[in-house]
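Undergrad: Below you will find the structure I want to go over with you.
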Amino acid sequence: MATLARVPLVFSTCTVPPPASSMSLNRHCHKYNCVASLSPLTRKIPDSSTLPSLKVGSFSSSFPSLSTRKNKGFRRTAVVLASMADLSTVLVTGAGGRTGQIVYKKLKERSDQFVARGLVRTPESKESIGGADDVFVGDIRDTATLLPAMQGIDALIILTSAVPRMKPGFDPTKGGRPEFYFEDGAYPEQVDWIGQKNQIDVAKEAGVKQIVLVGSMGGTNLNHPLNSLGNGNILVWKRKAEQYLADSGVPYTIIRAGGLQDRDGGIRELLVGKDDELLQTETRTIARPDVAEVCIQALKFEEAKYKAFDLASKPEGDGTPTKDFKALFSRITTRF
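Going by our numbering, the first residue of the sequence shown is number 1324, and it counts up by one from there.
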């Protein structure tokens, strides 16, 4: 076989790597690019019987047989690349929060299905969840800081929320109720309305295929106690963001969770409802891991798209733990 000069190979009809004999002549294998296609991950390897000769300058060589390619790992490489192309890239905002951390971790554990990304507010928050390169630091009130995290994503899970702080000096032994406040720049209007609107807008511009938004039950009642915390009207602003998402044209799933509990998930029967009806029952709470699981399962079923619903669970030991999420989403009929 003639000795080839160190030049990049050009394949005119396929997106398969060159034969091993040619690769040995150039260790910079990333330079073997197939210029006929800009999306090699989506192309299938043609049957070896139909492959023509590959030409490099004035030289030509027949492509190795199927058996040779199998022995050299070509088939294995093709399967891996095809699998990578099928993965869904999912960004979790609020990934430093108690529920957001669980969603991010669950996505990372399912690397055969998803490519996980996280968005947090501070470098300290990034370090608290591992400091991986797939965790971005950004401010949801500033759309420019959201662009790097959202480029190329397939789905967005929004778990950002304003957090009321208890005013110092409260003494529970003296009776009365604690007072709350929101930090400057972190009021519900800024976080739960403007911040979520910004996320929806940037994700839509990036071509996202689905947005899952986690809100809260109670939004139908203007006098709900949560609205009085720090005079923030938090449920009002959350509801406004939910309506904006529903009107955006992007496929959506809006999850209005009940009272969040730091308990184990996967061991209770989940309940879905509408218009805060579950708040009139004894089943008004749900474990954070169960909310996280519903967020991820919503990305897998068409039955979850264009749906908005309340979410709670039965007490542990009462009923059957939910495993069939397609059936769960199919029971939901409300679009908002």
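We put the beta carbon where it would ideally sit given N, CA and C, even for glycine.
Restricting to Cα atoms, I'd like to know which of D1465, D1494, G1596 is closest to Q1513.
TA: D1465
Undergrad: Figure out for me which residue from N1556, L1482, V1438 has the closest Cα to the Cα of A1615.
TA: The residue with the shortest Cα to Cα distance from A1615 is L1482.
Undergrad: Could you tell me the distance, in whole angstroms, from the CA atom of F1503 to the CA atom of V1486?
TA: Rounded to whole angstroms, the separation of the alpha carbons of V1486 and F1503 is 10 Å.
Undergrad: So is T1606 in contact with chain D if we call contact Cβ pairs under 7 Å?
TA: In summary, chain D is missing from the structure at hand, where a single protein chain is found.
Undergrad: Leaving out five residues before and five after P1644 in sequence, what residues of the same chain have Cβ atoms less than 7 Å from its Cβ?
TA: G1589, I1590, R1591, E1592
Undergrad: At the level of alpha carbons, what is the spacing between E1625 and L1568?
TA: 17 Å
Undergrad: Tell me whether Y1510 sits in a helix, a strand or coil according to DSSP, three-state version.
TA: coil
Undergrad: Report the three-state DSSP secondary structure of M1489 (helix, strand or coil).
TA: strand
Undergrad: Suppose the cutoff is 6 Å on Cβ atoms and the five residues either side in sequence are ignored; what does the same chain contact list for R1586 look like?
TA: A1610
Undergrad: Going residue by residue through the stretch 1577–1640, where are the continuous alpha helix (DSSP H) segments of at least 4 residues, counting only ones entirely within it?
TA: 1611–1620
Undergrad: According to DSSP, what are the bridge partners of C1538?
TA: In the sequence as presented, Cys is not what sits at residue 1538; that position holds Gly. Answer is R1579.
Undergrad: Is it the case that the Cβ atoms of L1549 and G1541 are separated by a distance below 7 Å?
TA: Taking 7 Å as the Cβ cut-off, L1549 and G1541 qualify as a contacting pair.
Undergrad: Just how far apart, CA to CA, sit K1497 and M1489?
TA: 16 Å
Undergrad: Where DSSP assigns a beta bridge to I1557, which residues make up the other side?
TA: DSSP output for I1557 lists no bridge partner at all.
Undergrad: May I ask you to report which of helix, strand or coil DSSP gives G1420?
TA: coil
Undergrad: With 16 other CB atoms within 10 Å as the buried threshold, where does K1646 fall?
TA: exposed
Undergrad: Straight-line CA distance for K1628 to P1491?
TA: 43 Å
Undergrad: Which two residues bound the contiguous beta strand (DSSP E) that contains I1476?
TA: Careful: I1476 lies outside any beta strand (DSSP E) and carries neither H nor E.
Undergrad: Grouping DSSP H, G and I as helix and E and B as strand, with all else coil, what is L1552?
TA: Helix.
Undergrad: Need the endpoints of the alpha helix (DSSP H) that F1648 sits in, please.
TA: 1648–1653
Undergrad: For H1547, which of V1535, V1537, W1560, L1536 has the nearest alpha-carbon?
TA: W1560
Undergrad: Would you mind sorting A1635 into buried or exposed? The rule is 16 or more other CB atoms within 10 Å of its CB.
TA: buried
Undergrad: Determine which residues share a DSSP beta bridge with G1441 and list them.
TA: V1415, V1458
Undergrad: Where does I1425 sit, in a helix, a strand or coil, going by DSSP?
TA: helix
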